[in-house]
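First up is the structure itself, then whatever we jot down about it.
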């Protein structure tokens with residue numbers, strides 16, 4: 006009956022609906038939104054990353070000044086460091102995108118992005134612009150400006166070294182250039198055929214700051230107090246800012262609420278300087294819509310009509326405002342300013358729905374819709390206040406079907422079954438649909454550029470309210486009940502008939518090993534006899550493709566089956582990926598995709614589901630290990646334990662109760678995960694046990710810890726003091742000098758050469774050591790262009806019979822990426838000594854008293 010349901014009804018999203026009930030408004034929130042109807046002004050804030058934005062200022066602009074407010078983050082934060090899990094790269098970018106959207110739901114601003122990829126910390130704007138592609142990202146900023154039409158643009162950073170980060174400075178440079186380019190029809194003229202027009206921003210301001218030891222504020226700058234209290238929201242803007250800022254959980258940016266006077270300062274960089282008001286010279290009343298079509302007096306009448314709605318609003322009877330709002334909606338339809346007509350009609354329609362108490366819901370009992378399978382969804386409409394709502398219909402299979410009479414405060418529930426066409430597109434964030442460049446995503450659809458995420462899977466309703474026709478789009482969401490959390494909503498995702506996934510992301514092989522990979526097939530629906538799976542596994546070097554046809558008789562939904570696929574021998578590092586595969590039924594119809602559903606789930610954001618290409622990397626590697634068992638203390642989250650297991654170690658995850666002298670004897674080495682000392686307060690309690698372990702012959706390797714907003718390292722780390730800095734080497738191809746070429750770390754059990762530092766990704770090292778005690782030896786040095794050599798990426802000191810290692814080298818990035826040299830060097834750093842270490846390494850004759858390392 007509903008074969009074409011998805012074609013007519015729904016457009017799939019990666020992750021739009023948040024894990025909570027649909028948005029409803031209190032009477033105070035309705036009143037605030039009604040007040041906003043009378044303000045026709047807009048402000049766009051521009052910076053580089055999620056969490057760069059000034060959340061207090063955004064909250065003030067959106068809720069006190071009632072401007073349409075937006076934040077354009079050039080990147081999605083893909084290159085950041087993850088405090089809450091082991092996701093990196095684009096996975097982390099997906100998380101941080103949703104964290105930004107969670108913050109915007111609190112402060113009331115809108116969210117935009119460019120196609121720039123966060124490739125990690127960079128020290129110059131030239132590097133950022135070159136890597137991103139200057140013109141490409143400039144066109145994105147211009148596109149957002151032309152669509153959003155801001156009266157004022159505010160940048161978080163200056164376009165120079167004071168920004169503290171190459172991405173930061175580049176965001177300001179692009180904002181400056183876009184200010185002029187957006188108004189120039191000769192710049193990106195192809196955009197003008199896509200429904201936008203040139204736009205001249207009134208002024209460009211830099212929101213100066215006083216943090217991180219840099220004070221760029223001065224009393225001759227324009228300033229305003231953004232610390233006031235909003236009684237309709239029951240919060241000050243400092244309190245709202247804290248809630249929004251604290252959504253950036255993956256970055257550890259939880260902050261306390263602030264109350265009271267708080268000034269923001271602004272330096273004018275383009276346009277005239279404001280004296281009394283941010284919007285000076287901009288008409289933010291309905292009078293700005295006056296033209297030959299609608300005279301100023303008519304615009305003033307709309308203003309007065311809106312004032313009357315605000316003044317007569319009843320908190321206990323919000324439905325009394327519906328009729329006036331419907332009339333206002335019709336009157337606004339008469340203005341010729343399309344931008345403000347569309348924006349204000351959208352706001353008015355939302356208030357009509359809120360005041361009438363309408364609850365319109367479209368849900369399903371399944372989180373996943375499988376290509377070629379059916380899906381059942383439920384429609385609920387409740388006219389909770391008994392407003393004049395009639396003729397409700399829902400679009401099913403391209404036809405409008407009547408919902409039935411709406412009685413006051415009674416649920417009208419209808420259920421329908423739809424069919425997902427096997428060729429319907431899988432759920433995929435739009436910026437991941439096509440392969441990306443090194444520094445930016447590629448998006449073929451101009452209309453999608455700038456959007457925070459895909460448009461949601463939605464169902465269309467139409468009805469008359471006070472005899473005026475209205476149409477509403479409602480996200481189709483998966484609704485379920487958690488026994489602890491209660492009723493929850495999640496996005497609905499379209500997935501393939503089966504997931505194909507290699508069991509490992511990395512396969513390490515030695516020269517004499519038989520080379521094979523394990524391909525796991527997990528049906529998302531029952532597959533009967535007669536189906537088969539054909540895969541073409543392509544060697545990305547183009548030399549050794551493997552084709553295999555496998556029967557898939559009577560596969561059961563959600564039960565994986567593993568197929569062993571032999572690979573050809575080759576002396577080089579190979580990357581394999583399933584790029585062609587098909588589950589073929591009796592009609593020989595393609596039903597597969599060569600992907601699997603990647604699910605990322607955290608309580609503070611919606612569940613993220615997208616299609617990840619079934620890829621693995623097979624690394625033919627000449628390496629040795631010395632030792633068998635490694636204890637691992639997890640920190641903020643990384644994939645180093647999996648890499649150690651692939652190297653051949655037995656890995657045991659350790660918690661506080663496991664750190665006991667007798668228990669630690671079994672381990673040849675103990676490794677602490679990234680930021681373990683930042684995130685585990687209990688590390689201070691196990692210092693003595695760890696030092697005893699080292700003193701008696703163990704190897705303790707500490708990966709980097711931070712000295713940033715997460716707070717100083719409070720736990721003792723090492724037997725001898727050193728300083729953890731924020732120094733880093735961001736050039737992943739920076740030359741590496743061997744300061745001590747005969748040191749065991751460079752010779753046992755693997756001979757380390759310059760070749761082992763080839764193919765590194767994103768960076769060399771972070772949070773390097775300085776002011777190291779004389780008992781340490783510094784083995785390597787490296788530097789970024791134009792800087793002095795840094796020797797703190799790897800320090801090693803003997804203590805008793807054992808060895809302590811601190812390293813800022815980014816093994817947490819290189820090992821999951823399959824960088825051969827990173828495996829060989831890591832094996833050396835945790836190797837059981839072949840012989841007693843030389844005295845030159847500062848071997849302690851007896852236990853020493855700990856000297857706390859200074860942490861900046």
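Numbering (the numbering used here), first residue to last: 6 to 861.
Glycine included, each C-beta is placed from N, C-alpha and C at the ideal position.
Can you have a look at residue i and say buried or exposed, based on whether 16 or more other CB atoms are within 10 angstroms of its CB?
i           : result
residue 130 : buried
residue 665 : exposed
residue 406 : exposed
residue 687 : exposed
residue 101 : buried
residue 92  : buried
residue 197 : exposed
residue 191 : exposed
residue 3   : Because the chain in this structure spans residues 6 to 861, residue 3 falls outside the shown range and cannot be described.
residue 716 : The predicted position of residue 716 is uncertain, since its pLDDT is 47 and thus under 50; no value can be drawn from it.
residue 236 : exposed
residue 316 : exposed
residue 343 : exposed
residue 791 : exposed
residue 266 : exposed
Across which residues does DSSP place residue i in a beta bridge pair?
i           : result
residue 783 : 800
residue 116 : 76
residue 217 : According to DSSP, residue 217 bridges with nothing at all.
residue 775 : 728
residue 808 : 704 and 803
residue 403 : Bridge partners of residue 403: none, in fact.
residue 503 : 528
residue 211 : 160 and 272
residue 138 : According to DSSP, which records beta bridges pairwise, residue 138 is partnered with nothing at all.
residue 454 : Per DSSP, none; premise fails for residue 454.
residue 415 : In the DSSP output, where bridge partners are listed per residue, residue 415 has none listed.
residue 655 : 634
Provide the residue span of the alpha helix (DSSP H) that contains residue i, from first to last.
i           : result
residue 345 : 343-361
residue 646 : 645-652
residue 41  : 32-41
residue 193 : First-last for residue 193: undefined, no H or E at that position.
residue 819 : 816-819
Using only the alpha-carbon positions, how far apart do residue i and residue j sit?
i           : j           : result
residue 832 : residue 656 : 13 Å
residue 591 : residue 531 : Reliability fails at residue 591, whose pLDDT of 48 lies under 50, so the model's placement of it is uncertain and the value that follows must be treated cautiously. Each residue's Cα considered, the two are about 15 Å apart.
residue 816 : residue 824 : 9 Å
residue 69  : residue 295 : 25 Å
residue 320 : residue 394 : 20 Å
residue 563 : residue 318 : 53 Å
residue 308 : residue 29  : 26 Å
residue 614 : residue 333 : 41 Å
residue 270 : residue 460 : 36 Å
residue 616 : residue 99  : 13 Å
residue 574 : residue 674 : 33 Å
residue 752 : residue 726 : 26 Å
residue 345 : residue 355 : 15 Å
residue 647 : residue 829 : 15 Å
residue 352 : residue 540 : 51 Å
residue 113 : residue 62  : 11 Å
residue 542 : residue 551 : 5 Å
residue 495 : residue 612 : 6 Å
For the beta strand (DSSP E) holding residue i, just list the boundary residues, first then last.
i           : result
residue 496 : 491-496
residue 525 : 521-528
residue 622 : 620-625
residue 610 : Run containing residue 610: none; DSSP gives neither H nor E here.
residue 373 : 373-375
residue 185 : Element bounds for residue 185: not the beta strand (DSSP E) but the alpha helix (DSSP H), 171-186.
residue 757 : First-last for residue 757: undefined, no H or E at that position.
residue 429 : Unbroken run through residue 429: none, as it is neither H nor E.
residue 330 : Note, residue 330: premise wrong, no beta strand (DSSP E); alpha helix (DSSP H) at 327-337.
*Can you find at least 3 beta carbon pairs, one from the region 604-612 and one from the region 412-429, that sit closer than 8 Å?*
no
_Three CB pairs or more closer than 8 Å across the region 515-529 and the region 498-506_ = yes
_Does the contact criterion of 3 or more C-beta pairs under 8 Å hold for the region 362-376 versus the region 479-492?_
Yes: at least three Cβ pairs fall under 8 Å.
*Three or more C-beta pairs closer than 8 Å, one from the region 131-147 and one from the region 114-121: is that the case here?*
yes
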